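*Asks:*
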Amino acid sequence: TVLFSVGNYSISILFFVLGLVSGCRHYINCAAVLRSLGSLDELDAIYTKGDADFREKSRLSNIIGKVSQGRRRNVWVGEFLVILLGAYGGGSSDGDQLKAKFLDDFAYPGQRTLAYPTCRMTSEATPIPGGQNSSLSDYAMLSSMAYRDVNITQSWLDAWFGKGNAVDSNDLVTEFKESYDGSQSIVSYKLTTFPSSPNFAIITVRGTVVAWDAMADAQLWCAAILLQIARSLLPLGFMWTPIIENLVEAMSILESEQLKSVAFYQQTSDFIGWLLHERGYNTHIAGHSLGGGLAMISGAQMGVPAIALSGPNAYLSRTTFDPPVTRHDLDTMTFNIIPDRDFVAMIDDVAQLYQRIECRAPLNDIFGCHSSMRSVCEILYMCGTNGRPVPCECVTDYDYPEPESLDGRSFLEECAALD
């Protein structure tokens with residue numbers, strides 16, 4: 148019903164047919180008979196005893212019941228309903244208007260381990276002006292800032308990079324969108340430029356505007372998700388990966404028209420091309436969640452560095468995009484920051500460049516590991532602040548240790564003063 152309501156008729160019909168087959172397998176088969184009778188010996192007998200009595204006496208009935216109607220199925224149905232209700236009830240077209248609560252006179256020294264070897268991202272393609280020692284946290288923070296309202300984005304940039312060191316170039320975004328076929332785009336993105344490097348710019352992609360749009364956006368990875376689940380259930384499932392790539396491509400042909408309608412990466416790719424050729428910017432692109440997935444697709448298509456935070460990957464789906472991307476494109480131009488237990492970053496197979504980070508959220512917080520600010524705090528704590536400020540949320544919301552004070556003041560007291 149959900150797929151049909153968003154216009155994905157081919158896949159919705161496929162699911163309907165599969166549902167009919169599953170219904171027949173459940174209600175018109177030997178397992179259903181065994182579950183009712185408890186024994187094949189009773190097939191010719193007159194059924195006189197209650198169902199409860201046979202369930203108690205039949206070990207086979209219990210096994211079949213647990214396999215066909217176990218708690219795992221109920222868990223998956225419950226999770227789907229939660230996501231569906233969230234898509235209907237959640238989301239807003241307005242950006243987050245929270246005030247930046249950063250403190251400069253405090254620092255995390257970093258942990259002296261080899262846990263995160265990409266803290267500085269030492270490739271010549273990735274340093275941000277003035278941030279050679281903090282590139283990983285800079286890209287993570289910029290990805291988080293994609294959610295900020297346009298009226299406060301500049302104040303966040305000033306708080307993080309220092310006043311005047313980074314500029315929210317919303318005028319260029321507006322100019323491009325007005326010239327882009329005159330269309331109203333669902334995808335939301337920002338452009339950050341740096342006065343010290345006039346020809347350098349970073350696009351940050353928010354992805355979708357409201358939660359319902361996220362379900363339409365997820366159609367880009369629908370085939371990969373279904374076949375990943377199938378692969379995990381098959382014995383020696385990893386051996387089927389080359390075939391799965393072909394199946395993903397075949398499934399995309401069935402819903403090619405619907406994929407075109409949610410191919411939001413085409414606009415971000417065109418924006419990169421416009422900046423490169425019309426404005427002469429050396430452009431990078433970043434994003435969080437679905438915005439990170441779109442960033443990696445556009446980066447691979449246009450040959451520019453793309454850094455995603457908790458983004459869905461693109462290895463299995465690479466041939467379904469328009470234009471398609473190659474393994475080499477993904478292996479050389481995309482980088483994904485993947486928190487533990489982050490369900491979105493588990494979508495599709497990862498390319499060669501990625502950094503797994505720890506998630507310190509409680510195990511019962513199923514969405515906590517997908518928080519962009521929690522990931523920023525984890526990177527700052529493990530890599531060190533390296534001259535960047537410390538967000539108050541790291542301690543007040545995510546339970547990280549208080550950073551070291553550079554002048555003897557209390558971190559929590561200073562954060563309270565910002566309220």
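Going by the numbering used here, 358 is the number at position 211 of the sequence shown; the sequence numbering is gapless. Idealized CB from N, CA, C, for every residue including glycine. Nothing here was measured: the structure is a model prediction, and the numbers come from that model.
Have a look at D469, A461, N429 and D487 and flag the residue whose alpha-carbon is nearest the alpha-carbon of H475.
*Replies:* Ranking the options by Cα distance to H475, first place goes to A461.
*Asks:* Can you confirm whether the segment 511-518 touches the segment 257-268 when touching is taken to mean that 3 or more C-beta pairs between the two stretches lie within less than 8 Å?
*Replies:* no
*Asks:* Quick one: grab the DSSP three-state call for D315.
*Replies:* strand
*Asks:* With a threshold of 6 Å on Cβ separation, who are the neighbours of Y545 within its own chain once the five nearest residues in sequence on each side are excluded?
*Replies:* R521 and C524
*Asks:* State buried or exposed for L261, treating a residue as buried only when at least 16 other CB atoms are found within 10 Å of its CB.
*Replies:* By the Cβ-count criterion, L261 is exposed, with fewer than 16 other Cβ atoms from all chains shown falling within 10 Å of its own Cβ.
*Asks:* Determine the contact status of P486 and Y255, defining contact as a CB-CB distance below 8 Å.
*Replies:* no
*Asks:* Name the two residues that bound the continuous alpha helix (DSSP H) containing R474.
*Replies:* R474 to M480
*Asks:* For R378, collect the residues of the same chain with a Cβ closer than 8 Å to its Cβ; drop the 5 residues on either side in sequence, then sort them by chain order.
*Replies:* G384, F385, W387, T388 and I391
*Asks:* CB-CB under 6 Å to E561, same chain, minus the five flanking residues each way: which ones, in chain order?
*Replies:* L250
*Asks:* Assess, as a yes-or-no matter, whether the segment 364-373 is touched by the segment 336-343 under the definition of 3 or more beta carbon pairs within less than 8 Å.
*Replies:* no
*Asks:* Under the three-state reduction of DSSP, which class applies to E396: helix, strand or coil?
*Replies:* helix
*Asks:* So, for R450: in the same chain, excluding its five sequence neighbours on each side, which residues have a beta-carbon less than 7 Å away from its beta-carbon?
*Replies:* The residue you asked about is not Arg; residue 450 is Gly in the sequence shown. Closer than 7 Å at the Cβ level, and outside the excluded window around G450, lie M480.
*Asks:* Give the straight-line distance between the Cα atoms of R295 and L245, rounded to the nearest whole angstrom.
*Replies:* Between the alpha carbons of R295 and L245 lies a gap of roughly 8 Å.
*Asks:* In angstroms, rounded to a whole number, what distance separates the CA positions of Y528 and M398?
*Replies:* One alpha carbon belongs to Y528, the other to M398, and they sit about 43 Å apart.
*Asks:* Using the Cα positions of E396 and T467, report the straight-line distance between them to the nearest angstrom.
*Replies:* 6 Å
*Asks:* Is it a yes or a no for the segment 533-548 touching the segment 295-305, going by three-plus beta-carbon pairs under 8 Å?
*Replies:* no
*Asks:* Measuring straight from C-alpha to C-alpha, what distance separates R259 and I526?
*Replies:* 13 Å
*Asks:* Once DSSP output is grouped into helix, strand and coil, what is the label at K248?
*Replies:* coil
*Asks:* Within 10 angstroms of its Cβ, does L232 collect 16 or more other Cβ (buried), or is it exposed?
*Replies:* Low confidence applies here, because L232 scores a pLDDT of 45, under 50, leaving its location unreliable and the question unanswered by this model.
*Asks:* How big is the Cα-Cα spacing for P276 and I349?
*Replies:* Straight through space, the alpha carbons of I349 and P276 are spaced by roughly 11 Å.
*Asks:* Less than 6 Å between C-beta atoms, sequence neighbours within five positions excluded: which residues of the same chain meet that for S239?
*Replies:* The predicted position of S239 is uncertain, since its pLDDT is 43 and thus under 50; a value taken from the coordinates is nonetheless stated next. If we look at S239 and ignore the five residues flanking it on each side, it has no Cβ neighbours.
*Asks:* Report the CB separation of S445 from I419 in whole angstroms; it is logged as a contact under 8 Å.
*Replies:* 6 Å
*Asks:* Buried or exposed for G434, please, with buried defined as at least 16 other CB atoms from any protein chain shown within 10 angstroms of its CB.
*Replies:* Under this definition G434 is a buried residue.
*Asks:* T430: buried (16+ other C-beta within 10 angstroms of its C-beta) or exposed?
*Replies:* buried
*Asks:* If you compare alpha carbons, which of G439, N483, L553 and A492 is closest to M292?
*Replies:* G439
*Asks:* For E525, which three-state DSSP category applies?
*Replies:* helix
*Asks:* Going by DSSP in three states, P536 sits in which element: helix, strand or coil?
*Replies:* In the three-state DSSP reduction, P536 falls in the coil class, being neither helix nor strand.
*Asks:* Would you list the one or two residues that DSSP bridges to K337?
*Replies:* Per DSSP, T351.
*Asks:* R556: buried (16+ other C-beta within 10 angstroms of its C-beta) or exposed?
*Replies:* Of the residues assessed, R556 falls on the exposed side of the cut-off, its CB having fewer than 16 other CB atoms within 10 angstroms.
*Asks:* Could you tell me if Q499 is buried or exposed, where buried requires 16 or more neighbouring beta carbons within 10 angstroms of its beta carbon?
*Replies:* exposed
*Asks:* Run through DSSP, which three-state label would A234 get?
*Replies:* For A234, the predicted model reports a pLDDT of 42, less than 50, meaning its position is unreliable; a value from the coordinates is still stated below. Here A234 sits in helix by DSSP.
*Asks:* Look up R507 in the DSSP assignment and say whether it is helix, strand or coil.
*Replies:* coil
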